[in-house]
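*Asks:*
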Amino acid sequence: MKHPIRTGLSIALASLPFCLQAQPAGGAAMLVLDGSGSMWGQIDGTPKITIARDAIDTMMGDWPANSPIGLMAYGHRQEGQCGDIETLIEPGSLNRAAFRQAMESVTPRGKTPIGRSVERAAEALSHEDRAASVIVVTDGLENCGADLCELGSHLEASGMAFTAHVIGFDIGDEEGQLACLAEATGGRYLPASNADNLTEALQTVSEPEPEPAETLFVDEFERSELGPDWTIDYPEPSGFILDNGVLVTMTVRAGGIGDAEDQPNIFRWTGAELPDGDWDLSADFTARMGEVKSLGGRRAIIQVSRFADADNHISAYVVRQGNSNDDMWLRVRSVSDGNASVSDVEIAGDLRGYDLAQILRDFEEKGARLTLSKRGRDYLGRLEMNGWTMQEGGPEAIETPPLQVLLTSGAPAIFAGTLGSEQTVAEFDRVEIRGAP
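To convert a position in the sequence shown, counted from 1, into my numbering, add 11.
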């Protein structure tokens with residue numbers, strides 16, 4: 012059975028740094044500026060409306076020359092009127108001086124009709140006929156009755172390629188309405204607490220979209236035998252099978268990649284080649300990693316690796332320790348001439364609020380993607396869950412801190428096993444190598 016792995020992840024963006032790149036202002040764009048009364052509030056002695064004007068002007072200094080942009084404001088002319096929305100500059104080639112002048116005319120007074128403003132901006136951008144983006148800068152929540160989640164879903168369904176980015180300036184989004192509007196359209200919600208944060212957030216949503224990573228090699232195991240593209244170190248035929256589009260592998264002896272010279276059933280993808288530059292080696296898998304026990308559980312391990320031999324390899328892996336806390340770790344481990352270095356992060360356990368039983372069920376029933384990434388001399392491990400999280404509200408992707416390694420060699424490889432006496436059964440349904448974006 013195939014287990015689709017999502018590549019676009021809904022991560023808790025508020026916890027991530029603003030250096031993440033967002034969808035660019037593709038096609039035409041409209042910037043919607045909050046002119047409600049609360050924008051007279053101050054941060055470090057400066058009115059928020061002044062901070063917003065300066066940050067937007069800085070963004071305009073790097074705005075792509077071939078991207079039309081307009082300016083809209085709400086709440087700046089009348090108090091208490093949800094219909095107080097005005098297009099100050101029609102979408103077109105950027106005139107930075109005109110933008111500055113139009114923003115100076117925004118005098119905060121009224122309410123916060125975010126939903127109606129975004130709808131009008133979408134109409135002004137002819138979003139049903141061409142790619143369009145809206146960037147909302149707001150220091151307040153919707154207070155004119157719009158359901159921003161419903162609006163985002165409607166605009167996403169009706170538009171050709173519509174994206175809304177929302178920057179919450181000095182405002183919390185406890186009910187998630189601002190984030191919902193952004194994420195429903197494939198955009199970003201970015202919180203900003205001060206002038207620097209706001210400038211960085213605006214720069215983020217205006218940067219060009221990076222080129223997508225190129226898939227160089229992929230194997231989905233749609234056959235009855237591995238074939239000539241794969242080499243199996245010390246094969247134990249009773250420990251693996253190709254069945255219904257998955258490679259099923261079962262523990263036949265304790266240990267992981269490199270733990271012994273003759274470790275059986277290390278699957279090396281010799282028909283694929285890792286490029287000279289940056290790359291991602293990923294495997295989509297499900298795994299039966301045991302049950303929760305009172306004195307620790309199965310010591311299961313799932314690995315993706317660049318493997319030359321037992322003394323020279325680098326691996327990203329998920330490991331269940333099986334100790335009294337039954338904690339789980341994501342690690343990247345390099346072995347060079349027999350000398351090991353490790354970088355890791357604890358991802359779960361039977362304590363501190365983790366539902367380990369549910370996590371183990373999710374690994375078996377929903378699956379995940381495990382990636383070894385090379386970026387320059389830095390290597391890191393990444394685990395992307397398939398629509399589930401280790402804890403409620405937690406991220407759907409976890410990364411290790413980078414581990415610096417000067418040189419690596421060997422073929423791509425995958426492995427699943429145990430560090431104890433109990434079996435681990437894993438199903439790999441896709442392995443791929445991508446060049447870095």
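Here a beta-carbon is modelled for each residue, glycine too, at the ideal position from N, C-alpha and C.
Just so you know, these numbers come straight off a predicted model, no measurement behind them.
Looking only at DSSP bridge pairs, what is residue 162 linked to?
*Replies:* DSSP output for residue 162 lists no bridge partner at all.
*Asks:* Report yes if the CB atom of residue 313 is closer than 9 Å to the CB atom of residue 298, and no otherwise.
*Replies:* yes
*Asks:* Quick check on this structure: which residue in 391, 150, 386 and 144 has the alpha carbon closest to the alpha carbon of residue 166?
*Replies:* 144
*Asks:* Just the Cα atoms here: how many angstroms apart are residue 34 and residue 433?
*Replies:* Confidence in residue 34 is poor, its pLDDT being 36 and thus under 50, which makes the residue's placement unreliable; the coordinate value appears in the next sentence. In a straight line, the C-alpha of residue 34 is about 46 Å away from that of residue 433.
*Asks:* Starting from residue 372, follow the alpha helix (DSSP H) in both directions and report where the run begins and ends.
*Replies:* 367-376
*Asks:* Of the residues 391, 380 and 271, which one's Cα is nearest the Cα of residue 325?
*Replies:* 391
*Asks:* Can you give the beta carbon distance from residue 337 to residue 315, rounded, assuming they're within the 8 Å contact cut?
*Replies:* That belief does not hold up - the Cβ atoms of residue 337 and residue 315 are roughly 23 Å apart, past 8 Å.
*Asks:* For residue 407, which option in 417, 374, 107 and 430 has the closest C-alpha, if you only look at C-alpha atoms?
*Replies:* 374
*Asks:* Report yes if the CB atom of residue 110 is closer than 9 Å to the CB atom of residue 260, and no otherwise.
*Replies:* In this structure, the beta-carbon distance from residue 110 to residue 260 does not fall below 9 Å.
*Asks:* Quick check on the DSSP output: what are the complete alpha helix (DSSP H) runs of length 4 or more inside the stretch 39-66, in order along the chain?
*Replies:* none
*Asks:* Residues in its own chain within less than 6 Å of residue 12 by CB, not counting five upstream and five downstream?
*Replies:* Annotation note: pLDDT 36 at residue 12 (below 50); position unreliable, coordinate value reported separately. Closer than 6 Å at Cβ, skipping near neighbours: no residue.
*Asks:* Specify, as a first and last residue, the run of the alpha helix (DSSP H) that residue 279 falls within.
*Replies:* From DSSP, residue 279 is part of no alpha helix (DSSP H) but of the beta strand (DSSP E) over 277-279.
*Asks:* Apart from the five residues on each side of it in sequence, which residues of its chain come closer than 7 Å, Cβ to Cβ, to residue 353?
*Replies:* 342 and 344
*Asks:* If residue 84 and residue 136 are in contact, beta carbons under 8 Å, what's the gap, nearest whole angstrom?
*Replies:* Between residue 136 and residue 84 the Cβ distance is about 16 Å, and since that is not below 8 Å, they are no contact.
*Asks:* Between which two residues does the beta strand (DSSP E) harbouring residue 201 extend?
*Replies:* 200-203
*Asks:* Would you list the residues sitting across from residue 90 in a DSSP beta bridge?
*Replies:* Note: residue 90 sits in no beta bridge, so no partner.
*Asks:* Straight-line CA distance for residue 36 to residue 437?
*Replies:* Because residue 36 carries a pLDDT of 40, less than 50, the predicted location of this residue cannot be relied on, and no value is offered for it.
*Asks:* Is the stretch 195-205 in contact with the stretch 226-236, if contact means three or more CB pairs nearer than 8 Å?
*Replies:* no
*Asks:* So, are the CB atoms of residue 290 and residue 447 less than 9 Å apart?
*Replies:* yes
*Asks:* Do residue 412 and residue 329 have their beta-carbon atoms positioned less than 9 Å apart in this structure?
*Replies:* no
*Asks:* Would you grab the beta carbon distance between residue 262 and residue 382 for me? Rounded to a whole angstrom, and I think it's under 8 Å.
*Replies:* Going by Cβ atoms, the distance from residue 262 to residue 382 rounds to 23 Å, so no, they are not a contact pair.
*Asks:* Figure out for me which residue from 198, 152, 40 and 129 has the closest Cα to the Cα of residue 188.
*Replies:* 152
*Asks:* When we look at the beta-carbon of residue 386 and count the other beta-carbons within 10 Å, is it buried (16 or more) or exposed?
*Replies:* Exposed.
*Asks:* Pull up the distance between the alpha-carbon of residue 321 and that of residue 104, whole angstroms please.
*Replies:* 60 Å
*Asks:* Can at least three beta-carbon pairs, one atom from the stretch 115-125 and one from the stretch 84-99, be found at a separation below 8 Å?
*Replies:* As far as the Cβ criterion goes, the stretch 115-125 touches the stretch 84-99, which means the pair count is three or higher.
*Asks:* Do residue 97 and residue 293 have their C-beta atoms closer together than 9 Å?
*Replies:* no
*Asks:* CB-CB under 8 Å to residue 401, same chain, minus the five flanking residues each way: which ones, in chain order?
*Replies:* 358, 359, 365, 370 and 409
*Asks:* Have a look at residue 285 and residue 270 and give me their C-alpha separation to the nearest angstrom.
*Replies:* Note on geometry: alpha-carbon atoms of residue 285 and residue 270 lie some 23 Å from one another.
*Asks:* Please state whether DSSP places residue 32 in a helix, a strand or coil.
*Replies:* Its pLDDT being 32, under 50, residue 32 is placed unreliably by the model, and nothing is read from it.
*Asks:* Just grab the DSSP bridge partners of residue 252 for me.
*Replies:* Answer by DSSP bridge pairing, in chain order: 259.
*Asks:* Assuming contact is defined by CB atoms lying nearer than 9 Å, are residue 79 and residue 39 in contact in what I supplied?
*Replies:* The Cβ atoms of residue 79 and residue 39 sit closer than 9 Å to each other.
*Asks:* Helix, strand or coil for residue 310 per DSSP?
*Replies:* coil
*Asks:* Would you call residue 67 buried or exposed, if buried means 16 or more other Cβ atoms sit within 10 Å of its Cβ?
*Replies:* buried
*Asks:* Would you call residue 350 buried or exposed, if buried means 16 or more other Cβ atoms sit within 10 Å of its Cβ?
*Replies:* Looking at its Cβ environment, which holds fewer than 16 other Cβ atoms inside 10 Å, residue 350 is exposed.
*Asks:* What does a CB cutoff of less than 6 Å around residue 157 pick up in its chain, not counting 5 residues either side in sequence?
*Replies:* 126
*Asks:* In or out: residue 348 buried (at least 16 other Cβ within 10 Å) or exposed?
*Replies:* exposed
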